[in-house]
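Working notes, beginning with the structure itself.
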Amino acid sequence: MKNQMKYLLLVPGIILLAVFLVMPLLSIFLPTIFTEAGVTLDSYIQFFQDPLNVRIFIRTLRVALITTIICVFLAVPAAYYMSRCKQSVKGILMTISIFPLLTNSVIRSFAWITILGRNGIINQILTSIGIVEEPIQMLYTEFAIVIGSVYLFLPLMLTTLAGVMDNIENDMMEAAESLGANRLVAFLKVILPLSLPGIIVGSTLVFTGTLSAYTTPQLLGGNSNTVMATFIYEKSMSLGDWEGTSVIAVIMIITTVIAMKVLNTIANRLDKRGGDNA
Numbered sequence: 038m039k040n041q042m043k044y045l046l047l048v049p050g051i052i053l054l055a056v057f058l059v060m061p062l063l064s065i066f067l068p069t070i071f072t073e074a075g076v077t078l079d080s081y082i083q084f085f086q087d088p089l090n091v092r093i094f095i096r097t098l099r100v101a102l103i104t105t106i107i108c109v110f111l112a113v114p115a116a117y118y119m120s121r122c123k124q125s126v127k128g129i130l131m132t133i134s135i136f137p138l139l140t141n142s143v144i145r146s147f148a149w150i151t152i153l154g155r156n157g158i159i160n161q162i163l164t165s166i167g168i169v170e171e172p173i174q175m176l177y178t179e180f181a182i183v184i185g186s187v188y189l190f191l192p193l194m195l196t197t198l199a200g201v202m203d204n205i206e207n208d209m210m211e212a213a214e215s216l217g218a219n220r221l222v223a224f225l226k227v228i229l230p231l232s233l234p235g236i237i238v239g240s241t242l243v244f245t246g247t248l249s250a251y252t253t254p255q256l257l258g259g260n261s262n263t264v265m266a267t268f269i270y271e272k273s274m275s276l277g278d279w280e281g282t283s284v285i286a287v288i289m290i291i292t293t294v295i296a297m298k299v300l301n302t303i304a305n306r307l308d309k310r311g312g313d314n315a
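All residue numbers in the sequence shown are consecutive under this note's numbering, ending with 315.
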């Protein structure tokens with residue numbers, strides 16, 4: 038009776054997954070491979086035969102990768118400081134760090150437009166102090182997309198890493214220093230390896246989030262820096278190409294799954310290595 042009850046409790050969740058996840062995915066995927074000629078992958082082959090599509094796909098991966106790397110380099114020292122400061126200060130810093138997540142994506146993007154535009158804050162400063170004579174084109178570039186994406190997803194990396202580093206005892210740093218290592222070496226040899234699981238999880242969140250982000254690339258990248266998410270919108274709303282839209286959506290899903298699988302594999306290998314060294 039108890040075993041039957043356990044399975045019955047799973048039924049509502051299974052139904053919800055089937056209706057709101059499996060069925061929508063199948064409705065996107067099946068039309069791309071089942072045609073009047075039978076089962077075929079021609080839609081995907083044609084997608085990657087188009088140089089424009091390949092450029093958009095590579096640009097999306099490049100933006101996601103650069104955003105992830107920058108978030109890691111910024112979040113590691115910041116998270117370490119947050120994990121070692123006073124509790125009252127930590128609360129203030131944590132609130133400040135998650136502020137971008139609490140604001141609307143359109144508002145965030147327009148804020149960066151006023152900063153990165155030709156008449157924006159940065160260009161006004163650069164021209165006023167004589168570093169440049171003419172305003173630099175920063176808005177509607179890949180650079181602008183990366184900056185906006187870092188601002189959006191850095192809190193995810195930061196909060197994830199701060200939680201991991203909170204559990205690392207100060208005694209480990211002190212032990213490394215007592216053996217002759219300076220603070221930088223002790224951090225790189227002790228704290229950083231122990232923080233790798235958090236870095237992997239944070240990287241997964243940032244990379245997959247950047248892959249699927251729409252508002253930031255649309256407003257900061259412009260029409261000349263299309264990424265996969267904005268490409269879906271153009272295909273569906275502007276061109277009415279629903280089959281092409283489905284192909285792009287499936288490619289994005291597969292890319293996201295592969296990225297998550299790779300990062301999870303790295304995390305598992307690191308866990309095994311840590312267990313072997315223990």
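Virtual Cβ for every residue (Gly too), placed ideally from N, Cα, C.
Could you tell me the boundaries of the alpha helix (DSSP H) in which residue i lies?
i, result
"Asn-262", "Here Asn-262 belongs to no alpha helix (DSSP H), and DSSP marks it neither H nor E."
"Ser-215", "207-215"
"Ile-236", "229-249"
"Met-60", "60-70"
"Val-222", "220-223"
"Thr-132", "124-134"
"Val-113", "88-121"
"Tyr-188", "179-203"
"Gln-161", "158-165"
Looking only at C-alpha atoms, which of the options sits nearest to residue i?
i, options, result
"Ile-293", "Phe-66, Leu-98, Val-48 and Leu-225", "The displayed chain sequence assigns Thr, not Ile, to residue 293. Considering only alpha carbons, the answer is Leu-98."
"Thr-302", "Ile-237, Met-274 and Asp-87", "Ile-237"
"Pro-254", "Thr-104, Pro-234, Leu-58 and Cys-122", "Thr-104"
"Val-227", "Asp-208, Ser-240, Gly-239 and Ser-146", "Asp-208"
"Met-194", "Phe-66, Gln-174, Ser-215 and Thr-247", "Thr-247"
"Tyr-188", "Ser-146, Thr-132, Glu-170 and Glu-214", "Ser-146"
"Ala-266", "Thr-196, Ile-291, Leu-257 and Thr-252", "Thr-252"
"Met-210", "Leu-53, Leu-229, Ile-107 and Phe-268", "Leu-229"
"Ser-373", "Trp-279, Ile-291 and Leu-231", "In this structure the chain extends from 38 to 315, so residue 373 is not present and cannot be described."
"Leu-198", "Met-175, Ser-273, Gly-217 and Pro-234", "Pro-234"
"Pro-172", "Tyr-44, Gly-154 and Leu-216", "Gly-154"
"Ser-186", "Arg-306, Gly-128 and Pro-137", "Pro-137"
Since residue i contacts residue j with CB under 8 angstroms, what's their CB separation in whole angstroms?
i, j, result
"Leu-111", "Leu-191", "6 angstroms"
"Ala-286", "Ile-65", "5 angstroms"
"Pro-61", "Ser-283", "In fact, because the Cβ distance is near 11 angstroms, the residues do not count as touching under 8 angstroms."
Are the stretch 193-205 and the stretch 106-117 touching, with three or more C-beta to C-beta distances below 8 angstroms? yes
Tell me whether the stretch 155-171 and the stretch 56-76 touch, counting them as touching only if at least three CB pairs, one residue from each stretch, are closer than 8 angstroms. no
With contact counted as at least three CB pairs below 8 angstroms, one residue from each stretch, are the stretch 173-183 and the stretch 253-270 in contact? yes
The stretch 202-221 contacting the stretch 118-133, beta-carbon criterion three pairs below 8 angstroms: yes
Answer yes if the stretch 144-153 comes into contact with the stretch 162-172, meaning at least three C-beta pairs across the two stretches below 8 angstroms, and no otherwise. no
Is the stretch 139-148 in contact with the stretch 212-231, if contact means three or more CB pairs nearer than 8 angstroms? no
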